[in-house]
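Using UniProt numbering, you'd call the opening residue of the sequence shown number 1 and step up by one each time.
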Amino acid sequence: MSTERVDGRTLRFQHRRPELLAAVTDYVLTHGVTELSLRPLAQALGVTHATLLRHFSSKEELITSVVDKIRTDLTDRLTGDEQLRAADSAAELVKALWPRLCEPREQRQFLLLFEMVGHNGWKPEGDLGSARSLVGDWLDVLVGKLMQDGWPPEDASALATLLLAQVRGLQLDLLVSGDRARVDRALEFSLRLLERPAARDTPGSHG
């Protein structure tokens, strides 16, 4: 017979994977994945190790599920938030989203991405599929918005890649330096690249 402690939270999570996944995701975003172990995680959540394994057969499956939830939450935010939906251009979307991404709880997703790449990126056999998926969804959203702005598909893809790299790099800068004013100015400068093609091609637009 198992001697693992069973409390109310174990019973609550036993057949409710979404609630358990939300708690697991919050834990991983706070503590990272490098030293993640299922038994301490279960203890921190007040559930049994068996409960975790019932829903996540391995640490790798758990991390994949966490990344999928982060991606789903981002998609829900982009499609469900009235202010973000109202953005009439890619630049306006990024301007509206940026302050939220700078909130400490939101910055954890960038820390997780940096950690996953730092931990696995140098290994030829490292599985970065989960980390790549954190990039892919962002690109899809930005490319779609840029094409609505009038950019041809090839340019939209290249520009979205550049913008995403800037957002990640500025988040890394902010996490290290804490200089929000300087980083905000840099983002505003970079968003000038998103000026609609028609506006860029008008006579006199190049000074």
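No residue lacks a Cβ here, since even glycine has one placed at the ideal position from N, Cα and C.
Small disclaimer: the values here were computed from a predicted structure and weren't measured.
The C-beta of Val24 has 16 or more other C-beta atoms within 10 Å across all chains shown, which makes the residue buried.
With 16 or more other CB atoms across the displayed protein chains lying within 10 angstroms of its CB, Phe110 is buried. Our two residues, Gln107 and Ala186, have alpha carbons roughly 18 Å apart in a direct line.
In this chain, the alpha helix (DSSP H) harbouring Phe189 covers 180 to 190. Cβ neighbours of Trp138 within its own chain (closer than 6 Å, five residues either side excluded): Leu164. Under the three-state reduction of DSSP, Thr48 is assigned to coil, being neither helix nor strand. At least 8 Å separates the beta-carbon of Gln171 from that of Leu78. In this structure Ala44 is exposed. Its beta-carbon is surrounded by fewer than 16 other beta-carbon atoms within 10 angstroms. For Glu35, there is no enclosing alpha helix (DSSP H), as DSSP marks it with neither H nor E.
For Ser65, the enclosing alpha helix (DSSP H) begins and ends at 59 to 80. Between the alpha carbons of Arg168 and Thr64 lies a gap of roughly 21 Å. In the DSSP annotation of this structure, Leu193 is not part of any alpha helix (DSSP H), being labelled neither H nor E.
Around Asp179, the same chain offers Asp173 as residues with beta carbons nearer than 8 Å, after the five sequence neighbours per side are excluded. Glu19 sits in a helix when the DSSP states are folded into three classes. When only Cα atoms are considered, Ala50 and Pro99 end up about 40 Å apart. Asp149 is positioned such that its CB atom lies closer than 8 Å to that of Ser89.
Rounded to whole angstroms, the separation of the alpha carbons of Asp73 and Leu41 is 22 Å. For Ser157, the enclosing alpha helix (DSSP H) has its first and last residue at 153 to 177. For the pair Thr30 and Thr48, the Cα-to-Cα distance works out to about 20 Å. The C-alpha of Ala156 is placed about 45 Å away from the C-alpha of Arg39.
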